[in-house]
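Worksheet: the structure to be examined is printed underneath.
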Amino acid sequence: MESFTTPLLTGASTGAILLVAALGLALTFGQMGVINMAHGEFLMAGAYSAYLTQQVVADTTLSLLLAIPVAFAVAGLLGLVLEAGVIRWMYHRPLDTLLVTVGVSLVLQQLAKDLFGAQGDSVFTPGWLDGHLTVLGYNWPYVRMFTIVVALASLAALAALLKFTSLGRRIRATVQNRELAETMGVATRSVDRLTFFVGSGLAGLGGVAVALSGGTNPGLGTTYIIPAFLVVVAGGLGQLRGTVIAAFVVGIVIAYLTRWFDASMAQVIIFALVVVFLQLRPQGLFTVQTRGLA
Amino acid sequence: MSTRRAEPRPSLRRLQPYLPLVGIAVLAFLLLVVAPAALSPFRLGNLGKYCAWAIAAVGIGLAWGRGGMLVMGQGVFFGLGGYAMAMHLKLEAAMVTGGPDAVPDFMVLYGDGSMPGWWEPFRSPAFTLVAIVALPALVASVLGYAIFKRKVKGAYFAILSQALAVAFATLLIATIKQTGGFNGLNNFTSFFGYNLYDPVNKQFIYTIVAGLLIACLVVVWQLYRSRFGELLVATRDAEERVRFLGYDPANVKLVAFVVAAVMASIGGALFVPIAGIISPSDVDATASIWLIAGVALGGRASLLGPALGALAVGYGQSTLSETFPNQWSYFQGALFILVILLIPGGLTSLVPKVGGRQRRSAAAVGVKEVQPA
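Here it is as structure tokens:
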């Protein structure tokens, strides 16, 4: 029984990372038509921010708490630079944003290699995260639970931002009808920038979680970008809840698949499953009733 | 700019549809006559490698430039052809030294020396040649049918095709006992009975690659001027309208996707005897994107653009990565950013502008993607 439930938690924490990454993608892809293949590198930037914060601040607890806002800001600023430098010229050409950001991703990866070396760097977990809770005879590692908590907190913050704040209202207005929103006095250009900042910052948070659970390396972004996009595709673009469900389902299915197959076979199978799933729901998962991914 | 533009004389206008053939003929002359005479065997081999990529790029031009399907996973089909060919050459090499039941060296090295059953048919040259065409056609048909019939398109399609490339490469790396894993397949000695180290045979293989590139260009030229070519562009620009006219856009896309896959596979198959190796890094997401870069640089919607772009990018990759091995990724990235940002229609889109034929080129390039509501 223990061996059966362990992947559930592992998968949930993988799903949590995918969720935070996919939220940013869904925000920029679904709502602005920008396909950001450099998003994985924002995740990497978040992970390296955590690593650097730890190099500067020796105390692991303090450095972790500091790393969260630092990673958000670093990744968010990178996103702003990308938006201002490249993306804003091509809002009407979604497939071209994909190609351009592939170029950006190559540059950022090489930059990480030059700055930090091709080898990975490890990030130390604070003592209080270094254990596990035993509930009902199962072990629940604190790090994994922390990852899930960070993801859910980010989700809640994003939902609250979109629903309750005036910025959220302006984002939703811009998404629904850009021209009309402009007529009503919404500065849609700054809304675009802020959306990009928030979406990229979220990837930075995901990066902190990745760094905690496995360290950081220049290729980190590539590992997560495709699963994260599959989550966005499977979840559909309509609502956040589609992304949420798809993230956890994909994460948990991958975790179970790696028990029975090796990691690469699991990747192949999850790809096949997403294609099959798109046969059933070509627009992705819109409603909660159809959680039939697995 | 003057509003009056010199219209071609009537006699010239009648010839205009055949102008691309002149371009193909010039390219054929350069590749088949000038290059073998002017280049050293080593350079000629390199050019052959670029030609193999260019064959795949011609297919991408068809699917992406004309069809609007951003195929980011052509490495998969390149790899299907490449590995089919490599498996045959590997068995050929083994059979020369070890008799008819010989097993490729790496299987002895990594495994227990037994050969998986699905390798067996690749001992036959005829089966291998058929597989190089049939295998990608089959995979592309099944996948394309599943995707296009359900109207999965645009970014969804691009991302799925890239995910396929990632999955394929990881699968290859994981199955080291069957596919050579990360190192891929190499150490070939002969090509359908001809010694691979003999310079005459090498030049012969080059001629095959260059000849097939020209053949693919002629096929695509013919496709572009056919009703199918018109339908493909129509589907790219206004899929719903094509549907209302009574055609099924899914079938149109499927044909383009399958043709592109077969071309990629042929390119991959010919890449193997020239490069002497095929490995996961030749077929993974980066390699697939790299093919896209060539097409984008040359001009995705033109006939010759993708091929010329792929040749240029292949040459650039060899020279620049030799000179600046560590900065190579920066060049790669910058190429993407600058081309897409500044010349989305590719270099060939600049030529008509110089000649004063903007209107025609704007229509042909189709950079403004029509987004159906």
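Same order as they appear, the protein sequences are chains A and B.
Residue numbering for the first sequence is 10 to 303, as defined by our numbering.
Residue numbering for the second sequence is 865 to 1237, as defined by our numbering.
C-beta atoms are modelled at their ideal positions from N, C-alpha and C, and glycine is treated no differently.
Remember, predicted model here, so these are calculated numbers, not experimental data.
Interface residues of chain A around B:Leu-1035 at Cβ under 9 Å?
Taking the first residue of the second sequence as 1, we reach residue 1035 of chain B at position 171. Counting only Cβ-Cβ distances below 9 Å, B:Leu-1035 has contacts in chain A at Ser-273, Met-274, Gln-276, Val-277, in chain order.
Looking at chain A, is there any beta carbon in it that lies within less than 9 Å of the beta carbon of B:Arg-878?
As a position in the second sequence, residue 878 of chain B is number 14, starting the count at 1. Not one chain A Cβ lies under 9 Å of B:Arg-878.
So, B:Cys-1080 versus B:Ile-919, is the Cβ gap smaller than 9 Å?
Position 216 of the second sequence, counting from 1, holds the residue named residue 1080 of chain B. Position 55 of the second sequence, counting from 1, holds the residue named residue 919 of chain B. Their beta carbons are under 9 Å apart, which means B:Cys-1080 touches B:Ile-919 by this criterion.
Under 7 Å Cβ to Cβ from B:Pro-1113, same chain only, skipping five residues before and after it: list those, please.
Against the second sequence, residue 1113 of chain B aligns to sequence position 249. Here the set comprises Thr-1099, Glu-1103, Val-1106, Arg-1107.
Is the distance from the Cβ of A:Gly-55 to the Cβ of A:Thr-231 below 9 Å?
Against the first sequence, residue 55 of chain A aligns to sequence position 46. Against the first sequence, residue 231 of chain A aligns to sequence position 222. Result no, Cβ atoms of A:Gly-55 and A:Thr-231 do not sit closer than 9 Å.
Give every residue of the same chain whose Cβ lies closer than 7 Å to the Cβ of A:Val-184, excluding the five residues on either side of it in the sequence, and list them in chain order.
Looking up residue 184 of chain A in the first sequence gives position 175. Result list for A:Val-184: Gln-40, in chain order.
Anything in chain B within Cβ reach of A:Asp-105, meaning under 7 Å, just list it in chain order.
Against the first sequence, residue 105 of chain A aligns to sequence position 96. Correct list: Ile-1204, Pro-1208.
Rounded to the nearest angstrom, what separates A:Leu-87 and A:Phe-51 at their Cα positions?
Translated into the one-based positions of the first sequence, residue 87 of chain A becomes position 78. Translated into the one-based positions of the first sequence, residue 51 of chain A becomes position 42. Approximately 7 Å between the Cα atoms of the pair.
Tell me whether the stretch 1036-1052 of chain B and the stretch 62-76 of chain A touch, counting them as touching only if at least three CB pairs, one residue from each stretch, are closer than 8 Å.
no
I want to know whether the stretch 213-220 of chain A touches the stretch 979-989 of chain B - three or more CB-CB distances under 8 Å.
no
Between the C-alpha atoms of A:Ile-26 and B:Leu-896, what's the straight-line distance to the nearest angstrom?
Residue numbering aside, residue 26 of chain A sits at position 17 when the first sequence is read from its first letter. Residue numbering aside, residue 896 of chain B sits at position 32 when the second sequence is read from its first letter. For A:Ile-26 and B:Leu-896, the distance between alpha carbons rounds to 53 Å.
Could you spell out where the alpha helix (DSSP H) holding B:Trp-1192 opens and where it closes?
Numbered from its first residue, the second sequence carries residue 1192 of chain B at position 328. 1192-1206 is the span of the alpha helix (DSSP H), which, as asked, contains B:Trp-1192.
By the DSSP assignment, the alpha helix (DSSP H) with A:Ala-168 in it spans what residues?
For this step, residue 168 of chain A is matched to residue 159 along the first sequence. Run containing A:Ala-168: 151-173, per the alpha helix (DSSP H) assignment.
On the three-state DSSP scale, how would you describe A:Thr-231?
As a working mapping, residue 231 of chain A is identified with position 222 in the first sequence. A:Thr-231 falls in the helix class under three-state DSSP.
Taking buried to mean at least 16 other C-beta atoms within 10 Å of its own C-beta, is B:His-952 buried or exposed?
Residue mapping note: residue 952 of chain B aligns to position 88 of the second sequence, counting from 1. Label assigned to B:His-952: buried.
Among A:Ala-182, A:Ala-165, A:Phe-205, A:Val-159, which has the Cα closest to the Cα of A:Pro-78?
The count along the first sequence starts at 1 and reaches residue 78 of chain A at position 69. Among A:Ala-182, A:Ala-165, A:Phe-205, A:Val-159, the Cα nearest to that of A:Pro-78 belongs to A:Val-159.
Based on the DSSP output, what are the partners of B:Gln-1141 in its beta bridges?
In the second sequence, residue 1141 of chain B corresponds to position 277, counting from 1. Gln is not the amino acid found at residue 1141 of chain B; the sequence shown has Ile there. Bridge partners of B:Ile-1141: B:Asn-1050.
With a threshold of 9 Å between beta-carbons, can B:Leu-1095 be considered close to chain A, or not?
The residue labelled residue 1095 of chain B in the question sits at position 231 within the second sequence. The beta carbon of B:Leu-1095 does not come within 9 Å of any beta carbon belonging to chain A, so the residue lies off that interface.
With 9 Å as the threshold, decide whether the Cβ of A:Leu-229 is near any Cβ in chain B.
The count along the first sequence starts at 1 and reaches residue 229 of chain A at position 220. Closer than 9 Å: no.
Quick check on B:Phe-893: buried or exposed, where buried means 16 or more other Cβ atoms within 10 Å of its Cβ?
Looking up residue 893 of chain B in the second sequence gives position 29. Under a 10 Å Cβ-count criterion, B:Phe-893 is classified as exposed, with fewer than 16 other Cβ atoms of the shown protein chains found around its own Cβ.
Pull up the distance between the alpha-carbon of B:Lys-913 and that of B:Phe-1068, whole angstroms please.
Taking the second sequence and counting its residues from 1, the one referred to as residue 913 of chain B is at position 49. Taking the second sequence and counting its residues from 1, the one referred to as residue 1068 of chain B is at position 204. If I take the Cα positions, the gap works out to 14 Å.
Applying a beta-carbon distance threshold of less than 7 Å, which residues of chain A neighbour B:Phe-942?
Your numbering for residue 942 of chain B matches position 78 in the second sequence. Here the premise fails: no neighbours, minimum Cβ distance about 18 Å.
Residues of chain A with CB under 7 Å from B:Ile-1153, in chain order?
Numbered from 1 along the second sequence, position 289 holds the residue referred to as residue 1153 of chain B. What B:Ile-1153 touches in chain A, judged by beta-carbon distance under 7 Å, is Val-111, going in chain order.
What's the call for B:Pro-980, buried or exposed, on a 16-neighbour Cβ count within 10 Å?
Residue numbering aside, residue 980 of chain B sits at position 116 when the second sequence is read from its first letter. Exposed is the call here.
For A:His-141, list the residues DSSP reports as bridge partners.
Residue 141 of chain A sits at position 132 when you count from the first residue of the first sequence. Partner residues in the beta bridge of A:His-141, as assigned by DSSP, are A:Pro-150.
Candidates A:Val-277, A:Gly-224, A:Met-53, A:Ile-261: which alpha carbon is nearest A:Thr-23's?
Working through the first sequence from its first residue, we reach residue 23 of chain A at position 14. Out of A:Val-277, A:Gly-224, A:Met-53, A:Ile-261, A:Ile-261 has the C-alpha closest to the C-alpha of A:Thr-23.
Would you mind giving the Cβ-Cβ distance between B:Pro-1208 and A:Asp-105, rounded to the nearest angstrom? I have them listed as a contact below 8 Å.
On the second sequence, position 344 is the one that residue 1208 of chain B refers to. On the first sequence, position 96 is the one that residue 105 of chain A refers to. Sure, about 6 Å apart at Cβ, within 8 Å.
Note down, one range per segment and in chain order, each alpha helix (DSSP H) of at least 4 residues found wholly within the stretch 905-930 of chain B.
905-924
Which class does B:Phe-1108 belong to by DSSP, given the choice of helix, strand or coil?
In the second sequence, counting from the first residue as 1, residue 1108 of chain B sits at position 244. If DSSP states are grouped into helix, strand and coil, B:Phe-1108 belongs with the helices.
Under 8 Å, with one C-beta from each stretch per pair, do the stretch 963-970 of chain B and the stretch 1153-1171 of chain B reach the 3-pair mark?
no
Compare the C-beta of B:Ala-1038 with all C-beta atoms of chain A and state if any pair is closer than 9 Å.
On the second sequence, position 174 is the one that residue 1038 of chain B refers to. Interface residue, yes.
Report buried or exposed for B:Ala-916, applying the criterion of at least 16 other Cβ atoms within 10 angstroms of its Cβ.
Taking the first residue of the second sequence as position 1, residue 916 of chain B is located at position 52. Answer is buried; the Cβ neighbour count reaches 16.
Check whether the stretch 1086-1099 of chain B and the stretch 971-980 of chain B are in contact - that is, three or more C-beta pairs closer than 8 Å.
At 8 Å Cβ cutoff, the stretches do not touch.
Which residue spans inside the stretch 933-1011 of chain B form an unbroken alpha helix (DSSP H) run of at least 4?
938-962, 969-974
What three-state label does DSSP hand A:Asp-105 in the structure shown?
As a first step, residue 105 of chain A is located in the first sequence; it is residue number 96 there, counting from the start. Here A:Asp-105 sits in helix by DSSP.
List the whole-angstrom C-beta distance separating A:Leu-28 from A:Val-253, where the pair is believed to meet the contact cut-off of C-beta under 8 Å.
Residue mapping note: residue 28 of chain A aligns to position 19 of the first sequence, counting from 1. Residue mapping note: residue 253 of chain A aligns to position 244 of the first sequence, counting from 1. About 6 Å; that satisfies the 8 Å criterion.
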